[in-house]
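Residue numbers (the numbering used here), protein chains in the order written: chain A, 102 to 218; chain B, 1226 to 1563; chain C, 58 to 471.
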Amino acid sequence: MHYPGALEKELLKHIPKKPATEMYPFVKVEAPEGYRGKIAFDIQKCIGCSLCALNCPSGAIEMVKDDRTKLKKKPKFFYSRCLFCGQCEEVCPRKAIKLTREFELADYDKEKMVIDV
Amino acid sequence: MEAIELLILILKIVIFPGALFCIAYGWFLEWFDRKLYARFQNRVGPFLTGPRGILQPFADFIKLLAKEDITPIEADKFGFTATPLLTLIVSLFTLLFIPITSLSGILSFPGDLLFVLFISTVFGLLIMFAGYFSGNRFSIIGTERTGLQFIAYEIPFVLSVISVALIARSLEIENIVKYQIETLGLPLIIATPVTFVVYLVAFVIYLISSLAKLEKVPFDIPEAETEIVSGWQVEYSGKKLAFFRLATDLKMVFVSGLAATLFLGGPYGPSIPGLEPVFYTIWFIIKTLVVMFILSNLRSLFARYKIDQMVRGFWKYLIPIAILQILAVEVLIFWGVF
Amino acid sequence: MNVIVEVKLLTEEKRMFKIPVGPQHPALKEFENFTFTVDGELIIDVNFRIGYTHRGIEKLAESKTYIQNLYLCERVCGICSAAHQGCYAQTAEALAGVTAPPRGVYIRTLIWELERIHSHLLWLGVAAHEIGFDTFFMLVWRDREVVMDILEMISGNRVNYAMNTVGGVRRDISDELKYKILKGLDILEERTKYYKEVCMKEQTILARAANVGILTREQALKLNAVGPTARASGVNVDIRKDVPYGAYDEVPFNVIVYDTCDVLARILVRVDETLESIRMSRWILEHLPQGEIRTNFPRRVAENEVLSRVEAPRGELFYYIKSNGTDKPERLKIRTPTLANLLPVCEMLKGCYIADIPIVLAGIDPCFACMDRALFIDENSGKRWVWDTKQLRKYSIKWYKEHGEEVVRERWKQ
Chain A
102 MHYPGALEKE
112 LLKHIPKKPA
122 TEMYPFVKVE
132 APEGYRGKIA
142 FDIQKCIGCS
152 LCALNCPSGA
162 IEMVKDDRTK
172 LKKKPKFFYS
182 RCLFCGQCEE
192 VCPRKAIKLT
202 REFELADYDK
212 EKMVIDV
Chain B
1226 MEAIELLILI
1236 LKIVIFPGAL
1246 FCIAYGWFLE
1256 WFDRKLYARF
1266 QNRVGPFLTG
1276 PRGILQPFAD
1286 FIKLLAKEDI
1296 TPIEADKFGF
1306 TATPLLTLIV
1316 SLFTLLFIPI
1326 TSLSGILSFP
1336 GDLLFVLFIS
1346 TVFGLLIMFA
1356 GYFSGNRFSI
1366 IGTERTGLQF
1376 IAYEIPFVLS
1386 VISVALIARS
1396 LEIENIVKYQ
1406 IETLGLPLII
1416 ATPVTFVVYL
1426 VAFVIYLISS
1436 LAKLEKVPFD
1446 IPEAETEIVS
1456 GWQVEYSGKK
1466 LAFFRLATDL
1476 KMVFVSGLAA
1486 TLFLGGPYGP
1496 SIPGLEPVFY
1506 TIWFIIKTLV
1516 VMFILSNLRS
1526 LFARYKIDQM
1536 VRGFWKYLIP
1546 IAILQILAVE
1556 VLIFWGVF
Chain C
58 MNVIVEVKLL
68 TEEKRMFKIP
78 VGPQHPALKE
88 FENFTFTVDG
98 ELIIDVNFRI
108 GYTHRGIEKL
118 AESKTYIQNL
128 YLCERVCGIC
138 SAAHQGCYAQ
148 TAEALAGVTA
158 PPRGVYIRTL
168 IWELERIHSH
178 LLWLGVAAHE
188 IGFDTFFMLV
198 WRDREVVMDI
208 LEMISGNRVN
218 YAMNTVGGVR
228 RDISDELKYK
238 ILKGLDILEE
248 RTKYYKEVCM
258 KEQTILARAA
268 NVGILTREQA
278 LKLNAVGPTA
288 RASGVNVDIR
298 KDVPYGAYDE
308 VPFNVIVYDT
318 CDVLARILVR
328 VDETLESIRM
338 SRWILEHLPQ
348 GEIRTNFPRR
358 VAENEVLSRV
368 EAPRGELFYY
378 IKSNGTDKPE
388 RLKIRTPTLA
398 NLLPVCEMLK
408 GCYIADIPIV
418 LAGIDPCFAC
428 MDRALFIDEN
438 SGKRWVWDTK
448 QLRKYSIKWY
458 KEHGEEVVRE
468 RWKQ
């Protein structure tokens, strides 16, 4: 038995309800626990092994000279190239890299999208 | 006519309730339609421009005026440029006959109901020319579909309007409104149980044909977005597209205004004697918003039909019902019920 | 008499004209070019050209290690990303002779099923949009947010979940998360049942989708249709039952087959598969085995070649990897289901109207981004090779310098 207008009751129920849209820029939304966002890097724990740079799929990590680590190198993160895959976090032997919940990373200038601690 | 009366007539035609008022009201109706459509789907609709997004259609118009206006090489230059202007003029012209601030339109003469129907038919023909002059294969298909749809919806539309003229025994819009106020005392739809049964059928036929006339889902076949990418409107841009969209909004005002006049008793309602124009305008707005609510509801309820299903459906079901309805009205008049 | 014959020839030949659908068209979500020869509204013939979304992924995979390739393969397609990554992980594990532990395999299967729900709900909305039913589109996509939120809680991202790794999965599912997932699945089941009822009762959908785009069982077998397109034509083929992989030999489920062969059958197959996937996800969550989620994977893989297949939401997906003893693969080849479904689509479209083009094209659930792989074959010498982006770009600049003008002139002539 088919008739046109099968959605009518549903439509009329929606008029008094609040819309399902999240009014995003005016109402801030928090990402859930475990979200893969921007990188947070702790230079105190880093030893300069460059495992993160070797394993990054998109070439977003480059090793530069620095005297604070054991092997005299430290990673520089270009998060405009980052895929947010989390492979660097997984492979770091000292747990110096963590992915935070921050996701509002758009910018006009690619030169500024660098984490250089 | 004296100079003062001529000046007042010109002001009426241009500002209120003529061109500027109808354009502003057309934008208001488009906002109302878009907001309702969004709320039916549990979304927000326009909300950023102006309070609650009420300036959104106006902002769209201004944006389109500022865009680049391209005429394709294959298009017929004169026809391509003239069609949007003519469409806008035709839609504004039909609105001069709908009663908004008094029981008759700004212009009225005996037989103006048929004249108004004829002018709105010209609108349909102009859309066909618009698609034909573009010289693009998608707009040729859009023109074919507009032509086919045109021969399907015009007949029930005219028949349902004529059945109202039969009962009021006049082809002048002012007399139809006066008949509803004086003889029946209530709008035609709810006056007596007999008129309710007979004229609800006519009202439903009118609403379905007006969905096809306004090219809204389920009958927006000539400008099906996913199949032929806006059909006859495809090559228009900038000022010409702005005029086409404004003409479509004015057609919405015309269709709902005509429904409110013929079936819902015109702009008449309880009012304070002396402030009649203001109250008549308010009642006109309320009644057209009711008609617009029903049209928005129908718009969000269905999928789009194919052109052969639409033409077959109209000729197989809608036209016989419209003819039977006119026969029923004639029989009831013969028996002296009306 | 001569005049009459001439007029007839002129009108017959001029009556049929060609309409291009694509590369940019609202009926397609991705770019391909279909050229339809039409007579009024009736379609006479279809021709297609593919290759607009070719990105050189297979060549790029030869210069990245096995772990880096995981994230490359995931981005072949946005909607079936878990299927691609899971199939790659499965193939690489078989290549190195590594077996993933049971809990890892179950979680991998859970992500596959959740992604099937997500993909079919997305498709249902897109199909409704193609027939002009925008309300249904908005309502289905509102409910799709539930499954995307579940996947975000499990894996950390709404698309491109990156849950798989060579040797198992990367994240575990805690008990509190399990409770939230089960609640979300209940909401999804109720809404999907309502949408199935609407699809079967609403007369405007039936008017557009019933008896449209017919692909008979013989044609489906001859042209090698895969996935829900084949299952809607009565062909009972499902890799999960025929060649079980992952946890599918232990999870109980039914294969949905309809035999009315039209677009409505394809809609109903996908909606029923969504309901089956919801039941399967519940079973997997209730019966998750305890233990590890990943094992070690060697950095260098010995010489071997493996072919493995997976039932992606669109059909049968093949991965072939060849290793040569280093830490990078020698050759990666992907065959996606949409490539197999293109010829059936051309058969389906002959004899339909123009108004049926969007819904029939959408009926095979096209994922053209998965599809384009280019292979150059030189007929004279029999040589085959594959180019990367730099070489392709140089060749295209050279070709347009020589032939550009005549292409433009011919296009304006039409």
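The C-beta atom is built at its ideal place from N, Cα and C for all residues, glycine as well.
Cβ pair residue i, residue j closer than 7 Å
i	j	result
F354/C	V223/C	yes
F1382/B	P1443/B	no
S1364/B	A1300/B	no
I350/C	D229/C	yes
E89/C	Q276/C	no
L418/C	A118/C	no
Q1374/B	A1437/B	yes
D295/C	V312/C	yes
I1532/B	I1414/B	no
R182/A	S159/A	yes
E1457/B	G1356/B	First, the residue type needs correcting, since residue 1457/B is Trp and not Glu in the sequence shown. It is a contact, given that the beta carbons lie within the stated cut-off.
R1529/B	G108/C	no
M164/A	K174/A	yes
R297/C	V314/C	no
T1319/B	F1488/B	no
G225/C	A157/C	yes
Backbone CA spacing between residue i and residue j [nearest angstrom]
i	j	result
T122/A	L208/C	19 Å
L1483/B	K86/C	41 Å
L206/A	A132/A	14 Å
W1252/B	D422/C	39 Å
E202/C	L245/C	10 Å
A1284/B	Y1250/B	15 Å
T395/C	L345/C	33 Å
F1421/B	G1561/B	17 Å
I1235/B	I414/C	52 Å
M124/A	L364/C	47 Å
L152/C	I136/C	26 Å
I1240/B	P1502/B	14 Å
I1287/B	R1259/B	18 Å
F1303/B	K1464/B	15 Å
I1511/B	E1293/B	38 Å
A1467/B	L1289/B	6 Å
K75/C	F1518/B	41 Å
A1366/B	E187/C	The question names Ala, but residue 1366/B is Ile in the sequence shown. Approximately 18 Å between the Cα atoms of the pair.
C318/C	L280/C	14 Å
P105/A	L263/C	10 Å
E170/C	V1315/B	57 Å
V522/C	F185/A	Since the displayed chain C opens at 58 and closes at 471, residue 522/C lies outside it and no answer follows.
Residues bridged to residue i (per DSSP)
i	result
F93/C	I76/C, V103/C
M164/A	P176/A
K258/C	Note: K258/C sits in no beta bridge, so no partner.
R478/C	Because chain C here runs from 58 to 471, residue 478/C falls outside it and cannot be looked at.
Y410/C	L99/C
I1415/B	Note: I1415/B sits in no beta bridge, so no partner.
I216/A	F178/A
F142/A	I198/A
Worksheet entry | Sufficient close CB pairs (3 or more, under 8 Å) joining the segment 94 to 106 of chain C to the segment 126 to 134 of chain C | no
Worksheet item: Would the segment 249 to 261 of chain C and the segment 321 to 335 of chain C be scored as touching if the rule is three or more Cβ pairs under 8 Å?
Response: Between the segment 249 to 261 of chain C and the segment 321 to 335 of chain C, the count of Cβ pairs shorter than 8 Å is three or higher; the stretches touch.
Worksheet item: With contact counted as at least three CB pairs below 8 Å, one residue from each stretch, are the segment 1537 to 1549 of chain B and the segment 1376 to 1394 of chain B in contact?
Response: Touching, per the Cβ criterion.
Worksheet item: Counting Cβ pairs closer than 8 Å, one from the segment 1344 to 1360 of chain B and one from the segment 1395 to 1415 of chain B, do we hit at least three?
Response: no
Worksheet entry | At least three beta-carbon pairs within less than 8 Å, the segment 134 to 141 of chain A to the segment 186 to 200 of chain A | yes
Worksheet item: What beta strand (DSSP E) runs, 3 residues minimum, are completely inside the segment 350 to 375 of chain C?
Response: 361 to 369
Item to complete: Ignoring anything shorter than 3 residues or poking outside the segment 1362 to 1394 of chain B, list the beta strand (DSSP E) runs there in chain order.
Response: none
Worksheet item: For the 8 Å Cβ check, are there 3 or more pairs between the segment 180 to 199 of chain C and the segment 332 to 346 of chain C?
Response: Because the criterion of three Cβ pairs below 8 Å is not met, the segment 180 to 199 of chain C and the segment 332 to 346 of chain C do not touch.
Worksheet item: At what residue ranges does the segment 1289 to 1375 of chain B contain a whole run of the alpha helix (DSSP H), taking only runs of 4 or more?
Response: As far as the segment 1289 to 1375 of chain B is concerned, its whole alpha helix (DSSP H) runs of at least 4 residues are 1302 to 1320, 1337 to 1359.
Worksheet entry | Entirely enclosed alpha helix (DSSP H) segments - the segment 319 to 343 of chain C, minimum 4 residues | 320 to 343
Worksheet item: Along the chain, which unbroken stretches of the alpha helix (DSSP H) at least 4 residues long are found entirely within the segment 121 to 166 of chain C?
Response: 123 to 131, 138 to 153
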